[in-house]
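K.L.:
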Amino acid sequence: MKKVLRFLFYTVVVGYAVITLGPFIWSIITSLKPTSELNTFAVNIKHLTLDNYKMIITKFPFLRWFINSAIVAAIVTFGNILFNSMAGYALARINFPGRNLLFMVVLALMMVPGQVVMVPTYILLSKLGWVNTYMGLTIPFLTSNFGIFLMRQFFLSLPKELEEAATIDGLSRFGIFFKIVLPLSKPALATQFIFMFTGNWNSFLWPSLLTSTDNMYTLPVGLNSFYGQYYQFWNQVMAGAILLTLPTIVIFLIFQRYFVKGISTTGLK
Amino acid sequence: MEAKMTMKKRYLYEALSGYAFALPFIASISIFLIGPLIYAFIISFKEFSFLNPEANRWVGFANYIKLFSDPTFKRALLNTTLYSLGVVPTQLIIALILALIVNSDIKGKTFFRVAYYIPTVTSTVAVSVIFLYLFKADGLVNALLAKFGIQGPTWFNDVRFALPSIMMMAIWSSVGNYMVIFLAGLQDIPSELYEAAEVDGANKFQRFFKITLPMLRPIVFFNLVMSLIGTFQVFDQAYVVSQGTGGPLDATMTVVLDIYRTGFRDFNMGYASAMAFVLFVIILILTLIQRKLFKEETY
Chain S
1 MKKVLRFLFY
11 TVVVGYAVIT
21 LGPFIWSIIT
31 SLKPTSELNT
41 FAVNIKHLTL
51 DNYKMIITKF
61 PFLRWFINSA
71 IVAAIVTFGN
81 ILFNSMAGYA
91 LARINFPGRN
101 LLFMVVLALM
111 MVPGQVVMVP
121 TYILLSKLGW
131 VNTYMGLTIP
141 FLTSNFGIFL
151 MRQFFLSLPK
161 ELEEAATIDG
171 LSRFGIFFKI
181 VLPLSKPALA
191 TQFIFMFTGN
201 WNSFLWPSLL
211 TSTDNMYTLP
221 VGLNSFYGQY
231 YQFWNQVMAG
241 AILLTLPTIV
251 IFLIFQRYFV
261 KGISTTGLK
Chain Y
1001 MEAKMTMKKR
1011 YLYEALSGYA
1021 FALPFIASIS
1031 IFLIGPLIYA
1041 FIISFKEFSF
1051 LNPEANRWVG
1061 FANYIKLFSD
1071 PTFKRALLNT
1081 TLYSLGVVPT
1091 QLIIALILAL
1101 IVNSDIKGKT
1111 FFRVAYYIPT
1121 VTSTVAVSVI
1131 FLYLFKADGL
1141 VNALLAKFGI
1151 QGPTWFNDVR
1161 FALPSIMMMA
1171 IWSSVGNYMV
1181 IFLAGLQDIP
1191 SELYEAAEVD
1201 GANKFQRFFK
1211 ITLPMLRPIV
1221 FFNLVMSLIG
1231 TFQVFDQAYV
1241 VSQGTGGPLD
1251 ATMTVVLDIY
1261 RTGFRDFNMG
1271 YASAMAFVLF
1281 VIILILTLIQ
1291 RKLFKEETY
C-alpha cells in the first residue's frame, strides 16, 4: 500500500514537471525543424537546423526588437532597484514628516490597476513627444509601489544595531544606505531583480500602446506582430518565442537560490 | 542652548534625507500615477477624443450610464468574471499542492521547484503562441487525444472552448508564482508544532488540517487577493489569441481588451476611462472584502 502511494506521488511530481517543461521542449524542437517537416510529429535529428533563428534575425527585425527590449529592461530594472530601495528605506528607517501618509499612499496605489491611467499617460507622453521613443518606454516605469512595499518590509526585518553603530562612526544616511544596508540586502535585491526584470521584459500592453513603428517594438510586441502575419511558419514563430523566453529563464536560474529566501524575508505574504 | 541647536539640526537633517531618499518615487507617482488618475476621472465625465479636441464636451454621467446597456462591455465583464471564477480557485489549489510537494523530502527538490516555477517567468506573448501551436486543430494535443480516440475541438477558435483555453493557459503560466509564496509560508511554520503533534499521535492529514492550513491562512488570503486582482486585469493572452479582436464572437473579449479597443482604436477616450474606473471600483471592492475577512481571521 505504501509503495503504491509512493508511486502515485512520484507520478504526480514528475507528471506536473512534464506539463510545465513539455511545451518548451516541443517548441524548441519545432524551432529547429525545417519547414518541410512541419506537418509531421516525427523528429529527424539529422535535419534539425538553426536556420529559423538565422531567418528571423536576418530577414526580420528580431535582433532590433531584442536590443530594444534589453535596453528598456536594463534601464527600468536598474531604476526600480535603486529608487524602490531608497524609498523603501526612507519609509522603514528615516523619521520625516508625512512618512505615514506616504506609506498609506503606497498601499492605496497598489490597488490601482495600471489600465486606469492608460489614456492620460498616453496623452501626456504624446504631448512630451515621447511616444515611440526609449524615453516613453522607460521614464514612466522607474518606480513601483509593489517594489517599494517589498523593500520596506525587508528593511524593517534587518537589525538596527549596525546602522546605529555606523551613525556613531559619523557615516551619513547615504553612506549607511549604500555601504551597510544594501550589501546586507542581497536576497531582497535578487528577488526584486527577478520581479522587475521579468515584469518589464515580458510587458506587452504598455509597449504595444507606446510604440507605433516596428523599429521601436520590444520583443513581445514584435513577436505578436510577426505571429499575426506569418502564423503558418510555426518553426519561425517558435524560434521567436524561444528567443523571447530564454533571457528570463537564464536570469531566473542564476538568481533562483536567493529567491525563496528573498520572498520570506520581504514579508511578501 | 547649543545642545538644542544640534538636536534641531539633526532633526532637520533626518527630515531632509528622508525626502531626498523618497524624491524619485514621489516625483514619479505624482507625474505618472496620481496626476493621470485625476485626469482620467475628469475625462470619464466627458466625451473626449485626443484626436479631435474641439469636439470634447461634458456629458455628466452619460458614459457610466451607457456602460449598463453596452453589450460588448457586458460580455467583457461576464467573460472576465467567469475567467476569474475559474482561474483563481484552481490555480491556488494546484499551487498549494505543488508547494507541499516541493517542501517535502523528495529527491531532486531544487529541480522540481525550478521546473514548476519556469512558466511564471515566461512572457505571456510567448506562452500564448506556444499554446496556440500546441492546441491548433491538427496540433500535438489533438494528436495525443486522437490516440485515445478523442476528437479534440479547435480550442482557441471554438466559441465554446476559447475562454476555457485561455483560462487553462493562465493557470499553467501563473501557478508557480503562488506556489513560491505558499512555499515561503510553509517554511515559516515552526517545526516544533509538527513535532508536538506527532508526539500526540496526529497523522499526516490531521497535521495538514489542524496545523498547516490554519498557519497558512494569512498567505491564502494574500494569494487570493493577488490572484483576483491579476485575473480581473487579463489582457495579453486575450489580445494575442484573438489578434486584438476579442473573437471568435466576443468569446475572448475581456474588460481591459475592451478598454484598449475603445480608447485606442475607436479613440473614445472618455468612455474608455469610465470603463477603467468601473474596473478599478470592482478591484477595490474585492480587495476591501478580502482585507475585512483577513482582519477578522487573524484576530
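Chains as they are written, first to last, in our numbering: chain S, 1 to 269; chain Y, 1001 to 1299. We treat Cβ as the ideally placed atom computed from N, Cα and C, and that holds for glycine. Small disclaimer: the values here were computed from a predicted structure and weren't measured.
1. Here's the rule: buried if 16 or more other CB atoms are within 10 angstroms of the residue's CB, otherwise exposed. What is Y/GLN1243?
2. Short of 7 Å Cβ to Cβ, which residues in the segment 117-151 of chain S face chain Y?
3. Can you look up Y/ARG1217 in the DSSP assignment and give me helix, strand or coil?
4. Consider the Cβ of Y/GLU1198: report whether some Cβ of chain S lies at a distance smaller than 8 Å.
5. With DSSP run on the structure shown, which of helix, strand or coil describes S/LEU246?
6. Based on DSSP bridge pairs, tell me the residues matched to Y/ARG1057.
7. In terms of residues, what are the limits of the alpha helix (DSSP H) holding Y/LYS1109?
8. Taking CB distances under 8 Å as the criterion, tell me whether S/ARG99 reaches chain Y.
9. Looking only at C-alpha atoms, which of Y/ASN1079, Y/MET1179 and Y/ALA1276 sits nearest to Y/PHE1222?
10. With a threshold of 16 other CB atoms inside 10 Å of the CB of Y/ALA1022, please say whether the residue is buried or exposed.
11. Comparing C-alpha positions only, which one of Y/VAL1159, Y/ASN1157, Y/ASP1158 and Y/ASN1142 sits nearest to Y/GLN1151?
12. I'd like to know whether the C-beta of S/VAL43 is nearer than 8 Å to at least one C-beta of chain Y.
13. May I ask which residues mark the beginning and end of the alpha helix (DSSP H) holding S/TYR230?
14. Does Y/THR1006 pass the burial test, meaning 16 or more other C-beta atoms within 10 Å, or should it be called exposed?
15. S/GLY228 touches chain Y at which residues, Cβ-Cβ below 7 Å?
16. Use the C-beta contact count for S/PRO183: other C-beta atoms within 10 angstroms, 16 or more gives buried, fewer gives exposed.
17. Might you give, ordered along the chain, the residues of its own chain that have their beta carbon closer than 8 Å to the beta carbon of Y/GLN1187, omitting 5 neighbours on each side?
18. If S/LEU246 and S/LEU219 are in contact, beta carbons under 8 Å, what's the gap, nearest whole angstrom?
19. Any C-beta of chain Y within less than 9 Å: which residues of the segment 22-35 of chain S qualify?
20. Is Y/TYR1116 close to chain S, meaning its C-beta is less than 8 Å from at least one C-beta of that chain?
21. What residue from S/TYR16, S/ILE123 and S/GLY114 has the CA that sits closest to Y/PRO1053's CA?
22. To the nearest angstrom, report how far apart S/ILE29 and Y/LYS1046 are at their CA atoms.
23. Any heavy atom of the ligand HEM closer than 7 Å to the Cβ of S/PRO61?
24. Report the residues of the segment 1070-1090 of chain Y with a CB closer than 7 Å to any CB of chain S, ordered along the chain.
25. Rounding to the nearest angstrom, what Cα-Cα distance links Y/THR977 and S/ASN100 in this structure?
26. With distances taken from CA atoms, which of Y/PRO1214, Y/TYR1011, Y/TYR1019 and Y/LYS1204 is nearest S/LEU102?
27. Could you give the DSSP three-state label for S/ASP214: helix, strand or coil?
28. What residues of chain Y sit near S/THR245, judged by a beta carbon separation below 8 Å?
29. So the alpha helix (DSSP H) Y/ASP1188 belongs to, where does it begin and stop?
30. Taking the alpha-carbon of S/GLN232 as reference, which of Y/GLY1139, Y/ARG1057 and Y/ILE1094 has the nearest alpha-carbon?
31. Please state whether the Cβ-Cβ distance between S/ALA241 and Y/ILE1034 is less than 8 Å.
32. Which of helix, strand or coil does DSSP assign to S/MET1?
33. Distance cutoff 8 Å, beta carbons only. Does Y/TYR1178 sit that close to anything in chain S?
34. Please report the distance separating the alpha-carbon of Y/ASN1157 from that of Y/ILE1042.
35. I need the straight-line Cα distance from Y/LYS1136 to Y/ALA1055, nearest angstrom please.
36. Closer than 8 Å, CB to CB, is Y/TYR1271 near chain S or not?
P.N.:
Let me spell this out:
1. Here residue 1243 of chain Y refers to the residue found at position 243 when the second sequence is read from its first residue. By the neighbour-count criterion, in which 16 or more other beta carbons inside 10 Å mark a residue as buried, Y/GLN1243 falls on the exposed side.
2. Listed by position along the chain: VAL117, MET118, VAL119, PRO120, THR121, ILE123, LEU124, PRO140, LEU142, THR143 and ILE148.
3. Position 217 of the second sequence, counted from the start, is the residue given in the question as residue 1217 of chain Y. Helix, per DSSP.
4. By 1-based counting over the second sequence, the position of residue 1198 of chain Y is 198. In terms of beta-carbon proximity, Y/GLU1198 stays away from the interface with chain S, with every pair separated by 8 Å or more.
5. Here residue 246 of chain S is taken as the residue at index 246 of the first sequence, counted from 1. Looking at S/LEU246 - three-state DSSP - the assignment turns out to be helix.
6. Translated into the one-based positions of the second sequence, residue 1057 of chain Y becomes position 57. BP columns for Y/ARG1057 point to Y/GLU1047.
7. Along the second sequence, one-based indexing puts residue 1109 of chain Y at 109. Residues 1109-1121.
8. Counted from its first residue, the first sequence places residue 99 of chain S at position 99. At least one chain Y Cβ lies under 8 Å of S/ARG99.
9. In the second sequence, residue 1222 of chain Y corresponds to position 222, counting from 1. The residue with the shortest Cα to Cα distance from Y/PHE1222 is Y/MET1179.
10. Within the second sequence, the letter at position 22 stands for residue 1022 of chain Y. Buried is the call here.
11. Here residue 1151 of chain Y refers to the residue found at position 151 when the second sequence is read from its first residue. Among Y/VAL1159, Y/ASN1157, Y/ASP1158 and Y/ASN1142, the Cα nearest to that of Y/GLN1151 belongs to Y/ASN1142.
12. Here residue 43 of chain S corresponds to residue number 43 of the first sequence, with the count starting at 1. Residue-level contact by beta carbon fails for S/VAL43 and chain Y, as no gap is shorter than 8 Å.
13. On the first sequence, position 230 is the one that residue 230 of chain S refers to. Note, S/TYR230: alpha helix (DSSP H), 219-230.
14. In the second sequence, residue 1006 of chain Y corresponds to position 6, counting from 1. Looking at its Cβ environment, which holds fewer than 16 other Cβ atoms inside 10 Å, Y/THR1006 is exposed.
15. Here residue 228 of chain S corresponds to residue number 228 of the first sequence, with the count starting at 1. What S/GLY228 touches in chain Y: GLN1243.
16. What you label residue 183 of chain S is simply residue 183 of the first sequence in a count that begins at 1. Flag for S/PRO183 reads exposed.
17. In the second sequence, the residue the question calls residue 1187 of chain Y occupies position 187. If we look at Y/GLN1187 and ignore the five residues flanking it on each side, its Cβ neighbours are ASN1103.
18. Here residue 246 of chain S is taken as the residue at index 246 of the first sequence, counted from 1. Here residue 219 of chain S is taken as the residue at index 219 of the first sequence, counted from 1. The C-beta distance from S/LEU246 to S/LEU219 rounds to 11 Å, too long to meet the 8 Å contact threshold.
19. Going along the segment 22-35 of chain S in chain order, one finds GLY22, PRO23, PHE24, TRP26, SER27 and THR30 with a Cβ nearer than 9 Å to chain Y.
20. Locating residue 1116 of chain Y in the second sequence gives position 116, where the first residue counts as 1. Interface annotation, Y/TYR1116: in contact with chain S, CB-CB separation under 8 Å.
21. Against the second sequence, residue 1053 of chain Y aligns to sequence position 53. Taking the Cα of Y/PRO1053 as reference, the smallest distance to any Cα among S/TYR16, S/ILE123 and S/GLY114 is reached at S/ILE123.
22. Within the first sequence, the letter at position 29 stands for residue 29 of chain S. Within the second sequence, the letter at position 46 stands for residue 1046 of chain Y. A direct Cα-to-Cα measurement between S/ILE29 and Y/LYS1046 gives close to 53 Å.
23. Looking for the ligand HEM in the displayed structure turns up nothing, as the structure carries no ligands at all.
24. Within the segment 1070-1090 of chain Y, no residue qualifies.
25. Residue 977 of chain Y lies beyond the range of chain Y shown here (1001 to 1299); nothing can be said about it.
26. Stepping through the first sequence from its first residue, residue 102 of chain S is reached at position 102. Restricting attention to Y/PRO1214, Y/TYR1011, Y/TYR1019 and Y/LYS1204, the CA atom closest to the CA of S/LEU102 is found in Y/TYR1019.
27. The residue labelled residue 214 of chain S in the question sits at position 214 within the first sequence. Note: S/ASP214 maps to coil in three-state DSSP.
28. Against the first sequence, residue 245 of chain S aligns to sequence position 245. Close partners of S/THR245 in chain Y (Cβ separation under 8 Å): THR1122, SER1123 and ALA1126.
29. Position 188 of the second sequence holds residue 1188 of chain Y. Judged by DSSP secondary structure, Y/ASP1188 falls within the alpha helix (DSSP H) whose first and last residues are 1162-1188.
30. Walking along the first sequence from the start, residue 232 of chain S turns up at place 232. Answer by Cα proximity: Y/GLY1139.
31. On the first sequence, residue 241 of chain S is found 241 positions in, with the first residue counted as 1. On the second sequence, residue 1034 of chain Y is found 34 positions in, with the first residue counted as 1. No. Outside cutoff.
32. The sequence position of residue 1 of chain S within the first sequence is 1, counting from 1. S/MET1: coil per DSSP, three-state reduction.
33. As a first step, residue 1178 of chain Y must be located in the second sequence, where it is residue number 178. Chain S places no beta carbon closer than 8 Å to that of Y/TYR1178, leaving this residue out of the contacts.
34. Sequence index remark: in the second sequence, residue 1157 of chain Y carries index 157 (1-based). Sequence index remark: in the second sequence, residue 1042 of chain Y carries index 42 (1-based). Cα-Cα distance, rounded: 39 Å.
35. Along the second sequence, read from residue 1 onward, the residue named residue 1136 of chain Y stands at position 136. Along the second sequence, read from residue 1 onward, the residue named residue 1055 of chain Y stands at position 55. Using only the alpha carbons, I get a separation of about 45 Å.
36. Here residue 1271 of chain Y corresponds to residue number 271 of the second sequence, with the count starting at 1. Nearest CB-CB separation between Y/TYR1271 and chain S: not below the 8 Å threshold.
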